[in-house]
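Peer 1: Got a structure for you, written out below as structure tokens; questions coming shortly.
Residue numbers (UniProt numbering): 1 to 350.
As structure tokens, this is what we get:
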């Protein structure tokens, strides 16, 4: 079935500003982040990066995108496929090309060290830990450790980019929960993924260009779908209560992957300036840290969600060490312990 034409954000460059439909851009103190995430299912954190950091990462991300668009970098997300596995050859620009660059932390990725310094930075890990119920450290490299053990897990770090020539949209979904799940199964899976309302991982988008691509339904992360939501068309342009998350360069949105959400991506010109460069990462909480203790099914769901992207195939390599501090290596070791991903399957299809 062809995707219906839907209202999209206006065309832009990486540096222009614009306004259109209602959006959500809150500003609050650090103490309000967890409360907002628990209530709404997402929280926008403004100005997580400085202007020099934005400029440097934008340059590195642009170079990585160019490699992926030409097929020189072999790990990417391709139009029109929403979920893994993706093809090994990028489609031509006339068919949309790619909409994401995978494995920014891979040992062979040019610019890997700069990406790693951001991913493992205290400004990111501090927020992620707080959103998973960990206390912020008073100082030093002991952050995220309990009895000498690292509690955070390195997971995924990718880049979301604009398709070429033709617009592209993601259908409504929850990560890791099938859309055809019954209300009873949906309720069970929601509870298993966030027992007691506590996060077992932190997922985020960090914009290097202005970004209005993410659409969410606040509060939907803690309930089963309504009849309207359950019966809606996959690419329904408007559902009750939906909001567009607006990010300026340097802003981040951390969100519960259980939230009902979709993406709407404006195409860029072939070989033109990159108009979307959004770092897309996730950080996990180690088994035994309280988030999902004793629930083998929830652990398997998380392992599938992470390892289905192929990170397990390279994270254990001898040249995979980052050389930027002990914390990064402890978190990498926690990911290695999850396994290679062989036989885990895929969370969703399409």
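Note that CB positions come from ideal geometry on N, CA and C, so glycine has one too.
Keep in mind the model is a prediction, meaning the values are calculated, not measured.
(1) If you follow the beta strand (DSSP E) that residue 54 is in, where does it begin and where does it stop?
(2) Measuring only between beta-carbons, confirm whether residue 271 sits less than 7 Å from chain D.
(3) DSSP on residue 78, reduced to helix/strand/coil?
(4) May I have the straight-line CA-CA distance separating residue 354 from residue 94, to the nearest angstrom?
(5) For residue 152, write down the residues that DSSP places opposite it in a beta bridge.
(6) Using the beta-carbon count (16 or more within 10 Å), is residue 26 buried or exposed?
(7) Return helix, strand or coil for residue 164, following the three-state DSSP convention.
(8) List the DSSP bridge partners of residue 279.
(9) Once DSSP output is grouped into helix, strand and coil, what is the label at residue 243?
(10) With a cut-off of 8 Å, do at least 3 Cβ pairs link the stretch 107 to 126 to the stretch 181 to 196?
(11) Can you give me the Cβ contacts of residue 89 inside the same chain, cut-off strictly under 8 Å, excluding the 5 residues immediately before and after it?
(12) Let me know if residue 238 comes out buried or exposed under the rule of 16 or more other beta-carbons within 10 Å of its beta-carbon.
(13) Straight-line CA distance for residue 229 to residue 87?
(14) Classify residue 221 as helix, strand or coil using the three-state DSSP reduction.
(15) Whose CA, out of 39, 68, 212 and 35, lies closest to the CA of residue 164?
(16) Using 8 Å for Cβ pairs, my map puts residue 274 next to residue 65. What's the rounded Cβ distance?
(17) Identify, in the order they occur along the chain, each residue of the same chain with its Cβ nearer than 6 Å to the Cβ of residue 7, setting aside the five sequence neighbours on each side.
(18) Could you spell out where the alpha helix (DSSP H) holding residue 336 opens and where it closes?
(19) Could you name the residues of the same chain whose beta carbon sits closer than 8 Å to that of residue 156, not counting the 5 residues immediately before and after it, in chain order?
(20) Within 10 angstroms of its Cβ, does residue 269 collect 16 or more other Cβ (buried), or is it exposed?
(21) On a Cα-Cα basis, can you pick out the residue from 321, 287, 74 and 329 that is closest to residue 338?
(22) Assign residue 214 to one of three DSSP states: helix, strand, or coil.
(23) Identify, in the order they occur along the chain, each residue of the same chain with its Cβ nearer than 7 Å to the Cβ of residue 316, setting aside the five sequence neighbours on each side.
(24) Can the beta-carbon of residue 221 be found closer than 7 Å to that of residue 41?
(25) On the DSSP letters alone, give me the boundaries of the beta strand (DSSP E) that residue 262 sits inside.
(26) Between the beta-carbon of residue 255 and the beta-carbon of residue 203, is there less than 7 Å?
(27) Provide the residue(s) that pair with residue 169 in DSSP beta bridges, ordered along the chain.
(28) Suppose you measure from the CA of residue 52 to the CA of residue 112; what does that come to, to the nearest Å?
(29) In the DSSP output, what is residue 43 paired with across the bridge?
(30) Quick check on residue 169: buried or exposed, where buried means 16 or more other Cβ atoms within 10 Å of its Cβ?
(31) Can you tell me whether residue 231 is buried or exposed? The criterion is at least 16 other CB atoms within 10 Å of its CB, across all chains shown.
(32) Between residue 108 and residue 314, what straight-line distance do the alpha-carbon atoms span, to the nearest angstrom?
Peer 2: In short:
(1) For the purposes of this step, residue 54 is taken as the residue at position 54 of the chain shown. Residue 54 -> not in any beta strand (DSSP E); alpha helix (DSSP H) instead, spanning 51 to 69.
(2) Reference to chain D is not applicable here, since this structure consists of a single protein chain.
(3) Translated into the one-based positions of the chain shown, residue 78 becomes position 78. Here residue 78 sits in strand by DSSP.
(4) This structure gives no information on residue 354, because the portion of the chain shown stretches from 1 to 350.
(5) Locating residue 152 in the chain shown gives position 152, where the first residue counts as 1. Bridge partners of residue 152: 285.
(6) By one-based count along the chain shown, residue 26 stands at place 26. Any answer about residue 26 is weak, because its pLDDT of 45 lies below 50 and its placement is not dependable; what the coordinates show is given next. With fewer than 16 Cβ atoms within 10 Å of its Cβ, residue 26 is classed as exposed.
(7) Here residue 164 refers to the residue found at position 164 of the chain shown. In the structure shown, the three-state DSSP call for residue 164 is strand.
(8) As a position in the chain shown, residue 279 is number 279, starting the count at 1. 159 and 206, per the DSSP bridge assignment.
(9) Here residue 243 corresponds to residue number 243 of the chain shown, with the count starting at 1. Strand, per DSSP.
(10) Touching, no.
(11) In the chain shown, residue 89 corresponds to position 89, counting from 1. Result list for residue 89: 71, in chain order.
(12) Translated into positions along the chain shown, residue 238 becomes position 238. Answer is exposed; the Cβ neighbour count stays below 16.
(13) What you label residue 229 is simply residue 229 of the chain shown in a count that begins at 1. What you label residue 87 is simply residue 87 of the chain shown in a count that begins at 1. The straight-line gap from Cα to Cα measures roughly 31 Å.
(14) Locating residue 221 in the chain shown gives position 221, counting from the first residue. Correct three-state label for residue 221: helix.
(15) Along the chain shown, read from residue 1 onward, the residue named residue 164 stands at position 164. Checking every option, the nearest Cα to that of residue 164 belongs to 68.
(16) Residue numbering aside, residue 274 sits at position 274 when the chain shown is read from its first letter. Residue numbering aside, residue 65 sits at position 65 when the chain shown is read from its first letter. Indeed they touch by this definition, with Cβ atoms about 6 Å apart.
(17) As a working mapping, residue 7 is identified with position 7 in the chain shown. Per-residue confidence for residue 7 stands at a pLDDT of 43, beneath the threshold of 50, marking its modelled position as unreliable; the derived number appears in the next sentence. Beyond the five residues adjoining it in sequence on each side, residue 7 comes within less than 6 Å, by CB distance, of no other residue in the same chain.
(18) Numbered from 1 along the chain shown, position 336 holds the residue referred to as residue 336. From DSSP, the alpha helix (DSSP H) with residue 336 extends over 326 to 336.
(19) Start at 1 with the first residue of the chain shown, and residue 156 comes out as number 156. 280, 281, 282, 306, 309 and 311, listed in sequence order.
(20) As a position in the chain shown, residue 269 is number 269, starting the count at 1. By the 10 Å Cβ count, residue 269 comes out exposed.
(21) For the purposes of this step, residue 338 is taken as residue 338 along the chain shown, with counting starting at 1. A check of alpha carbon separations from residue 338 across 321, 287, 74 and 329 identifies 287 as the nearest.
(22) Here residue 214 is taken as the residue at index 214 of the chain shown, counted from 1. Secondary structure of residue 214 (DSSP, three-state): strand.
(23) If you number the chain shown from 1, residue 316 lands on position 316. The answer, listed in chain order, is 336.
(24) As a first step, residue 221 is located in the chain shown; it is residue number 221 there, counting from the start. As a first step, residue 41 is located in the chain shown; it is residue number 41 there, counting from the start. Result yes, Cβ atoms of residue 221 and residue 41 sit closer than 7 Å.
(25) On the chain shown, position 262 is the one that residue 262 refers to. Element bounds for residue 262: 261 to 265.
(26) In the chain shown, the residue the question calls residue 255 occupies position 255. In the chain shown, the residue the question calls residue 203 occupies position 203. Going by C-beta atoms, residue 255 is nearer than 7 Å to residue 203.
(27) Locating residue 169 in the chain shown gives position 169, counting from the first residue. Checking the DSSP bridge columns, you'll see residue 169 partnered with 264.
(28) For the purposes of this step, residue 52 is taken as residue 52 along the chain shown, with counting starting at 1. For the purposes of this step, residue 112 is taken as residue 112 along the chain shown, with counting starting at 1. Going by the C-alpha atoms only, they are around 18 Å apart.
(29) As a first step, residue 43 is located in the chain shown; it is residue number 43 there, counting from the start. By DSSP's assignment, residue 43 forms a beta bridge with 254.
(30) Taking the first residue of the chain shown as 1, we reach residue 169 at position 169. So residue 169 counts as buried.
(31) Numbered from its first residue, the chain shown carries residue 231 at position 231. It counts as exposed.
(32) Position 108 of the chain shown holds residue 108. Position 314 of the chain shown holds residue 314. Each residue's Cα considered, the two are about 10 Å apart.
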